[in-house]
Amino acid sequence: GAVVSQHPSWVICKSGTSVKIECRSLDFQATTMFWYRQFPKQSLMLMATSNEGSKATYEQGVEKDKFLINHASLTLSTLTVTSAHPEDSSFYICSARRVVSGRLLAKNIQYFGAGTRLSVL
Amino acid sequence: SQQGEEDPQALSIQEGENATMNCSYKTSINNLQWYRQNSGRGLVHLILIRSNEREKHSGRLRVTLDTSKKSSSLLITASRAADTASYFCATARTPSGNTPLVFGKGTRLSVIA
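If you read the sequences in order, they're chains A and B. Residue -12 is where the first sequence starts when you use the numbering used here, and the numbers rise one by one after that. Residue 2 is where the second sequence starts when you use the numbering used here, and the numbers rise one by one after that.
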């Protein structure tokens, strides 16, 4: 099955520092990855769509300069939370759609990483 | 914005009982998916039902879809303690293209042994 690895699984940082989260598709290519944010007992809120080799598409209300996304290869997207503050503390999850022979598989099934719990002190 | 709305928001049942969760959505769809999330973990795809299907089974899971009412239900039969998790329905933001999924608010299921 398709595996998405997300690292780190948990990070604690001081206010004002930056944190990088990696999302890797281990056994398939992913031209598109998605980054979500989830607060306790709530649903996933899409933050941005990460496109390999081009700029990410951010959802309304998500600060581009604060949440930097880089998708430099077909298997890796990174989310950097810059100058983190306590209100950025949340659970961040990435997902990827599977590409086979250069074509997106139909059905729009997404494969998720295990998530990163960010705590900003 | 969220498209799907699940109910109930929380459900607690005894092991062996059936659990039914409902989901409503707002726009046209090609398919609807259900995902499961264990506490503090990522989501796992459970089942997908196409817009031209009315019912689909996978093991102990049964999904129905009523496109006229824009609603779906997920039934878990003979529940087990290991089924304790949050369950989300998801639809594509737009029916076609490389589009993100929009998730409902989810149902938190607790199965008591």
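Using N, Cα and C, we set each Cβ at its ideal position, and we do this for glycine too. Predicted, not measured: the structure shown is a model, and the values here were computed from it.
Return the residues of the stretch 36 to 55 of chain A that lie within a Cβ-Cβ distance of less than 8 Å from chain B, sorted by chain order.
-> T36
Is E74 (chain A) helix, strand or coil by DSSP?
-> Walking along the first sequence from the start, residue 74 (chain A) turns up at place 87. Of the three classes helix, strand and coil, the one that applies to E74 (chain A) here is helix, per DSSP.
Integer-rounded CB distance, given that V68 (chain A) should sit under 8 Å from V6 (chain A) | Here the question's residue 6 (chain A) lines up with position 19 in the first sequence. Here the question's residue 68 (chain A) lines up with position 81 in the first sequence. Contact holds; Cβ gap of about 5 Å.
Whole-angstrom distance between L33 (chain A) and V103 (chain B), CA atom to CA atom = In the second sequence, residue 103 (chain B) corresponds to position 102, counting from 1. In the first sequence, residue 33 (chain A) corresponds to position 46, counting from 1. Roughly 8 Å between the two C-alpha positions.
Reduced DSSP category for A83 (chain B) - H, G, I as helix; E, B as strand; rest coil | Along the second sequence, one-based indexing puts residue 83 (chain B) at 82. DSSP places A83 (chain B) in helix when its eight states are reduced to three.
Sequence-distant residues of its chain with Cβ nearer than 8 Å to E16 (chain B) (five each side left out) | Residue 16 (chain B) sits at position 15 when you count from the first residue of the second sequence. Cβ neighbours of E16 (chain B) beyond the five flanking positions: S80, R81, A82, V112, I113, A114.
Members of the stretch 29 to 48 of chain B near chain A, C-beta cut-off 9 Å | N31, N32, Q34, Y36, Q38, G41, R42, G43, L44, V45, H46
Compute the minimum distance between the beta carbon of V107 (chain A) and the heavy atoms of the ligand NAP, and state whether it is under 7 Å.
-> Among the components of this structure there are no ligands whatsoever, and the ligand NAP is therefore not found.
Enclosing beta strand (DSSP E) for S64 (chain A) [first to last residue] | The sequence position of residue 64 (chain A) within the first sequence is 77, counting from 1. Here the beta strand (DSSP E) through S64 (chain A) covers 63 to 68.
R104 (chain A) at chain B interface by Cβ criterion, 8 Å | Working through the first sequence from its first residue, we reach residue 104 (chain A) at position 117. It does: the Cβ of R104 (chain A) has a partner Cβ on chain B nearer than 8 Å.
Any chain B beta carbon closer than 8 Å to G3 (chain A) | In the first sequence, counting from the first residue as 1, residue 3 (chain A) sits at position 16. By this cut-off, G3 (chain A) is not an interface position.
Give the residues from the stretch 93 to 107 of chain B that approach chain A closer than 8 Å (Cβ to any Cβ), ordered along the chain.
-> A93, N99, T100, P101, L102, V103, F104, G105, K106, G107
Name the chain B residues whose beta carbon is nearer than 8 Å to that of N117 (chain A)?
-> In the structure as shown, chain A starts at -12 and stops at 108, and residue 117 (chain A) therefore has no counterpart that could be examined.
DSSP beta-bridge partners of A20 (chain B) = If you number the second sequence from 1, residue 20 (chain B) lands on position 19. A20 (chain B) pairs with B:I77.
For the stretch 23 to 34 of chain A, which residues have a beta carbon sitting closer than 9 Å to at least one beta carbon of chain B?
-> Y23, Q25, K28, Q29, S30, L31, M32, L33
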